[in-house]
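Working notes, beginning with the structure itself.
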Amino acid sequence: MNQLTGENVTHKFMAANLFRGRVYSFGLGIALGVQCFSFLPVPAIARPPQLEPTETEEVMVAASHPLATAAGVKILAQGGNAIDGAIATALAISVVQPYSAGLGGGGFALVFLNQEQQVRALDFRERAPLGAGPDMYLDDHGEVMPRASLDGYRAVATPGTIAGLAELHRQYGELPWADLVQPALDYAQQGFIINETFHRMLQWRWPALRANPEAAALLSYQGRPLTVGDRFQQPDLAKTLGAIAANPQVFYQGWIGEALVTDMAQHQGLITLRDLQEYRPVWRSPLCGTFLELEVCSMPPPSSGGVALIQMLNLLAKLDIQQNLQYQSASDRGHALAAVMQIAYGDRAVYLGDSDFVPVPVTVLTSLDYAAERVKEIPRRQSRSQAQVRPASPQLIQSLEQRQESTNTSHLTVVDRHRNAVSLTFTLNGPFGSGVVVPGTGIFLNNEMDDFAAAADSPNLFGLVGTTPSAAQPLANAIAPGKRPLSSMSPTIVREKGELRYALGSPGGSRIISTVLQILLSLELDQANALEAVTAPRIHHQWQPDTLFVESDISQAQIQDWSKWGYSLQEQGRWGNANVIRVLPDGRLQGATDPRGNGAAAGF
Numbered sequence: 014m015n016q017l018t019g020e021n022v023t024h025k026f027m028a029a030n031l032f033r034g035r036v037y038s039f040g041l042g043i044a045l046g047v048q049c050f051s052f053l054p055v056p057a058i059a060r061p062p063q064l065e066p067t068e069t070e071e072v073m074v075a076a077s078h079p080l081a082t083a084a085g086v087k088i089l090a091q092g093g094n095a096i097d098g099a100i101a102t103a104l105a106i107s108v109v110q111p112y113s114a115g116l117g118g119g120g121f122a123l124v125f126l127n128q129e130q131q132v133r134a135l136d137f138r139e140r141a142p143l144g145a146g147p148d149m150y151l152d153d154h155g156e157v158m159p160r161a162s163l164d165g166y167r168a169v170a171t172p173g174t175i176a177g178l179a180e181l182h183r184q185y186g187e188l189p190w191a192d193l194v195q196p197a198l199d200y201a202q203q204g205f206i207i208n209e210t211f212h213r214m215l216q217w218r219w220p221a222l223r224a225n226p227e228a229a230a231l232l233s234y235q236g237r238p239l240t241v242g243d244r245f246q247q248p249d250l251a252k253t254l255g256a257i258a259a260n261p262q263v264f265y266q267g268w269i270g271e272a273l274v275t276d277m278a279q280h281q282g283l284i285t286l287r288d289l290q291e292y293r294p295v296w297r298s299p300l301c302g303t304f305l306e307l308e309v310c311s312m313p314p315p316s317s318g319g320v321a322l323i324q325m326l327n328l329l330a331k332l333d334i335q336q337n338l339q340y341q342s343a344s345d346r347g348h349a350l351a352a353v354m355q356i357a358y359g360d361r362a363v364y365l366g367d368s369d370f371v372p373v374p375v376t377v378l379t380s381l382d383y384a385a386e387r388v389k390e391i392p393r394r395q396s397r398s399q400a401q402v403r404p405a406s407p408q409l410i411q412s413l414e415q416r417q418e419s420t421n422t423s424h425l426t427v428v429d430r431h432r433n434a435v436s437l438t439f440t441l442n443g444p445f446g447s448g449v450v451v452p453g454t455g456i457f458l459n460n461e462m463d464d465f466a467a468a469a470d471s472p473n474l475f476g477l478v479g480t481t482p483s484a485a486q487p488l489a490n491a492i493a494p495g496k497r498p499l500s501s502m503s504p505t506i507v508r509e510k511g512e513l514r515y516a517l518g519s520p521g522g523s524r525i526i527s528t529v530l531q532i533l534l535s536l537e538l539d540q541a542n543a544l545e546a547v548t549a550p551r552i553h554h555q556w557q558p559d560t561l562f563v564e565s566d567i568s569q570a571q572i573q574d575w576s577k578w579g580y581s582l583q584e585q586g587r588w589g590n591a592n593v594i595r596v597l598p599d600g601r602l603q604g605a606t607d608p609r610g611n612g613a614a615a616g617f
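Going by my numbering, the sequence shown wraps up at 617, each residue one higher than the last.
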């Protein structure tokens, strides 16, 4: 039963009670944001602004909710490493932000092992059920059925979160697994106070949630949806977490998996016991590129994050936006950013997908040779329409492949005392995922099937499309049994001369990649501190729609310039909920969470 309390406990008080007896630095944001839907306008709330980034000596956690950050720091204080802290933080997010990420979703993790000087990438993205097919969301006339991939049981892909976190622990964890689950279990049992972000997401998704009896009962009190100030307790989820603490495989091969599959069978869902039993996270080689003196590493396919991020950095390097006087004004730099975003997102629509199923020309798209070819297209102070910014031709890809052969992804960040780092992004996709809660478990299920291309040129929830160079070629991101849908999640780790420099990332759907890009540029080109970098206003262009999106605090002078240069502009409040941890020259840690959100950076 969810109980009304009326209490108003501050995040600072909660953190102090969790960490009695030790001094901690704890930074809070000032405005509300969301996870996957963080491009929506964000209302301000009455909270004192964080004027400076958080700085600590030994360890730091930055996450999208103060309670999740507290869980991670608690584990680090017990002697856990960055991987342990990241696991505890992610599990806590699954409890306190069920609208954004959880046990019924999936994601990606980038791990930097300092002693080994190695960056590793773990893919625990959801998979299409083995019973899925390319036409499953089309009607008898071949048209995409509205909301079929967003709401209800058939929108759900096989979850990967628990398998992924368990694999991280198996490989690199130091504390007992049960210890890492305990903070999340405590939050589920004891409950927490619902904030305005939670309430806003609940209002938005209530039509879908009330259609599911289990979700409606969990998220209501005396017949009405929960609201700000209510205490949200999740006894079923606490029971689930208790079982997972004893054995994470119970999610896939025990009573939790059986409950999920039984519920699926009763509602024409597609996930079977075989889907769960065959699910495996995959270690992949991270994608790394060079920008200035930095090595920038992010996720390979089925995330588009690494490819697009490196591709855009390469293009900007070819434009030489650091030294080229043509790009020194804010308006000119914004034009350069929009132009490279158009190219990268156009290529994403055609070439990116699950590389286990389709060939993805990663080497070409992330090469400097390719950037040198495409940068020639960018005009001075003039926009280009979607029709003018065509994805790379198959002929260019083929020719560059031959040349290459002859020469040769809620976000959280954690850094420990040994300067190991984890950058982890995971999600349910839409708020509260598919709107489905598995009876008796408290688990919200994702709607990640919407991240596939249901049909050519049919936009998904974030307006992203899948298209092909010709009608004769298949969609790279088409639905197939066991395939992972294309993602924009971009957990990123940046090194300089082998030493950790930044760990960063963001939620935000299609805007994740452009957000990470702009934060990195702000840190490096503008010499911004962590808080300044995550606070700076953002723009976004994703090729389709043919629109340059700008945050509401972008200057009118820039807007006037871009309009004059031919851009179709749309102001959209503020978006994103990023966080970053940086290693300062003296070895201390500096971190910040996005003031668009309600997260926290903390450490000791």
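We put the CB at the ideal spot given by N, CA and C, even for glycine.
Quiz item: Roughly how many angstroms separate the alpha carbons of G366 and A605, rounded to a whole number?
Solution: 32 angstroms
Practice problem: Hey, could you find the ends of the beta strand (DSSP E) Y515 is sitting in? | Solution: 512-518
Practice problem: Report back the beta-carbon spacing between H424 and P520 to the nearest angstrom; my notes put them in contact at under 8 angstroms. | Solution: 6 angstroms
Quiz prompt | Residue(s) in a DSSP beta bridge with M73 | solution = V428, G616
Quiz item: Quick one: is R587 buried, meaning 16 or more other Cβ sit within 10 Å of its Cβ, or exposed?
Solution: buried
Practice problem: Pull up the CB-CB distance for T438 and S113, whole angstroms please, since I reckon it's below 8 angstroms. | Solution: The pair is not a contact, with the Cβ atoms about 11 angstroms apart (cut-off 8 angstroms).
Practice problem: Entirely within the stretch 368-455 and at least 4 residues each: give me those alpha helix (DSSP H) ranges in chain order. | Solution: 375-378, 381-388, 407-419
Quiz item: Are the stretch 549-563 and the stretch 349-361 touching, with three or more C-beta to C-beta distances below 8 angstroms?
Solution: yes
Exercise. For F50, name the three-state secondary structure that DSSP assigns.
Key: Only weak support exists for where F50 lies, its pLDDT of 31 falling under 50; the coordinates are left without a value.
Self-check item: P550 vs V563 beta-carbon contact at 9 angstroms
Solution: yes
Quiz item: Between which two residues does the alpha helix (DSSP H) containing R587 stretch?
Solution: First-last for R587: undefined, no H or E at that position.
Quiz item: How close, in whole Å, do the beta carbons of L332 and Y340 come, if the pair is a contact with beta carbons under 8 angstroms?
Solution: 6 angstroms
Quiz prompt | Whole runs of the alpha helix (DSSP H) within the stretch 175-222, excluding any shorter than 4 residues | solution = 190-203, 209-222
Exercise. Excluding the 5 residues preceding and the 5 following R397 in the sequence, name in chain order all residues of the same chain whose CB lies nearer than 6 angstroms to its CB.
Key: none
Quiz item: Under three-state DSSP, which class holds A44?
Solution: Residue confidence is low: A44 scores 26 on pLDDT, short of 50, so the model does not pin down where it sits. Its coordinate-derived value is still stated next. In the structure shown, A44 sits in a strand (DSSP, three-state: E or B).
Quiz item: Of the choices Y185, E156, A99, E68, whose alpha-carbon is the least far from that of A469?
Solution: E156
Exercise. Rounded to whole angstroms, what's the CA-CA distance from D607 to P79? Just pull it up for me.
Key: 12 angstroms
Practice problem: Could you tell me the distance, in whole angstroms, from the CA atom of W578 to the CA atom of A400? | Solution: 17 angstroms
Exercise. Give the secondary structure of I334 by DSSP, where H, G and I count as helix, E and B as strand, and everything else as coil.
Key: coil
Quiz item: Comparing alpha-carbon positions, which option in G118, S77, P66 lies nearest S500?
Solution: G118
Quiz prompt | P238 (DSSP reduced to helix, strand or coil) | solution = strand
Quiz item: Along the chain, which unbroken stretches of the beta strand (DSSP E) at least 3 residues long are found entirely within the stretch 267-297?
Solution: 295-297
Exercise. Pick out whichever of N473, A541, Q571 has its Cα sitting closest to the Cα of A161.
Key: N473
Quiz item: For L597, which three-state DSSP category applies?
Solution: coil
Quiz item: Rounded C-beta distance between D574 and S412? I'm assuming under 8 angstroms.
Solution: That pair is no contact at about 37 angstroms.
Quiz item: Taking the C-alpha atoms as reference points, what is the distance between R133 and A122?
Solution: 8 angstroms
Self-check item: Best match in V428, G443, M277 for proximity to W217 [C-alpha to C-alpha]
Solution: G443
Self-check item: Status (buried if at least 16 other CB within 10 Å, exposed otherwise) for N542
Solution: buried
Quiz item: Among residues of its own chain, excluding the 5 on either side of L602, which ones have a beta-carbon nearer than 8 angstroms to its beta-carbon?
Solution: E68, T69, E70, E71, V72, M73, V428, I594, R595, V596, G616
Quiz prompt | Cα-Cα separation, T275 to F245 | solution = 26 angstroms
Quiz item: Is A161 helix, strand or coil when you go by DSSP?
Solution: coil
Quiz item: Using DSSP with H/G/I as helix, E/B as strand and the rest coil, what is E545?
Solution: helix
Practice problem: Specify whether the stretch 165-178 and the stretch 290-302 touch according to this definition: at least 3 beta carbon pairs, one from each stretch, less than 8 angstroms apart. | Solution: yes
Quiz item: Just the Cα atoms here: how many angstroms apart are R609 and L544?
Solution: 11 angstroms
Self-check item: Distance, G495 Cα to L178 Cα
Solution: 20 angstroms
Practice problem: Please name the residue or residues paired with G302 in a DSSP beta bridge. | Solution: V309
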